[in-house]
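Colleague: Just passing along the structure, written as structure tokens.
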Amino acid sequence: MALEDGLITPVVRNAAAKSVGRIAAEARVLIDKAKARKLTPDEYTGSTFTISNLGMFDIEEFSAIINPPEAAILAVGAIIAKPVVREGAIAIGQRMKVTLSCDHRIVDGATGALFLKEFKAILENPALLLL
Numbered sequence: 835m836a837l838e839d840g841l842i843t844p845v846v847r848n849a850a851a852k853s854v855g856r857i858a859a860e861a862r863v864l865i866d867k868a869k870a871r872k873l874t875p876d877e878y879t880g881s882t883f884t885i886s887n888l889g890m891f892d893i894e895e896f897s898a899i900i901n902p903p904e905a906a907i908l909a910v911g912a913i914i915a916k917p918v919v920r921e922g923a924i925a926i927g928q929r930m931k932v933t934l935s936c937d938h939r940i941v942d943g944a945t946g947a948l949f950l951k952e953f954k955a956i957l958e959n960p961a962l963l964l965l
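Taking the numbering used here, the leading residue of the sequence shown gets 835, the next gets one more, and so forth.
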């Protein structure tokens with residue numbers, strides 16, 4: 835996250851074992867601590883995956899660089915109104931570009947592609963998180 839004097843990346847530990855609500859709650863606490871300059875080193879080091887969002891700056895697409903020793907980083911762009919085809923007709927839809935950069939010593943390209951496919955499916959149908 836961006837602070838006045840640079841970037842810091844708070845770490846949600848064991849995210850794979852947590853619900854989206856729990857992750858959001860923990861992230862909120864970490865964000866508040868980061869803004870107050872009260873994060874401990876354990877709260878901003880040792881991550882394996884980063885989400886980098888520049889959408890709030892109207893950046894549609896970018897490539898993020900992996901922070902070693904992480905396995906991957908997901909770059910998230912702005913949500914943009916775009917023409918789409920729905921049921922054979924052109925309509926305005928919401929689109930967001932994401933880019934996944936993987937350290938291929940840890941995650942191969944096919945695994946990264948499967949992750950993006952699942953991520954897309956969940957964004958298009960959030961009810962999948964309830965299954």
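Note that the Cβ used here is the ideal one computed from N, Cα and C, for glycine as well.
All values derive from a computational prediction rather than experimental measurement.
(1) When the distance is taken between beta carbons, is Ala906 closer than 8 angstroms to Ile893?
(2) Can you look up Arg929 in the DSSP assignment and give me helix, strand or coil?
(3) Since Gly840 sits in a beta bridge, which residues does DSSP pair it with?
(4) Does the separation of the CB atoms of Leu884 and Asn901 fall below 8 angstroms?
(5) Which one of Ala861, Leu962, Arg920 and Ala925 has the shortest CA to CA distance from Asn848?
(6) Quick one: what's got a C-beta closer than 8 angstroms to Gly946's C-beta in the same chain, skipping five residues either side?
(7) Alpha carbon to alpha carbon, how far is Asp942 from Ile956?
(8) Look at the Cβ atom of Ser881, then the Cβ atom of Val845, and state whether they are nearer than 8 angstroms.
(9) Return the CA-CA distance between Ala909 and Leu841, expressed in angstroms with no decimal places.
(10) Could you spell out the range, first to last residue, of the beta strand (DSSP E) harbouring Arg847?
(11) Which of the three DSSP states, helix, strand or coil, is assigned to Phe891?
(12) Does the Cβ-Cβ distance between Glu877 and Leu888 come in under 8 angstroms?
Modeller: In this structure, then:
(1) no
(2) Strand.
(3) Gly840 is bridged to Leu837.
(4) According to the sequence displayed, residue 884 carries Thr and not Leu. Result yes, Cβ atoms of Thr884 and Asn901 sit closer than 8 angstroms.
(5) Ala861
(6) Ala906, Leu934 and Cys936
(7) 22 angstroms
(8) yes
(9) About 15 angstroms.
(10) From DSSP, Arg847 is part of no beta strand (DSSP E); its letter is neither H nor E.
(11) helix
(12) no
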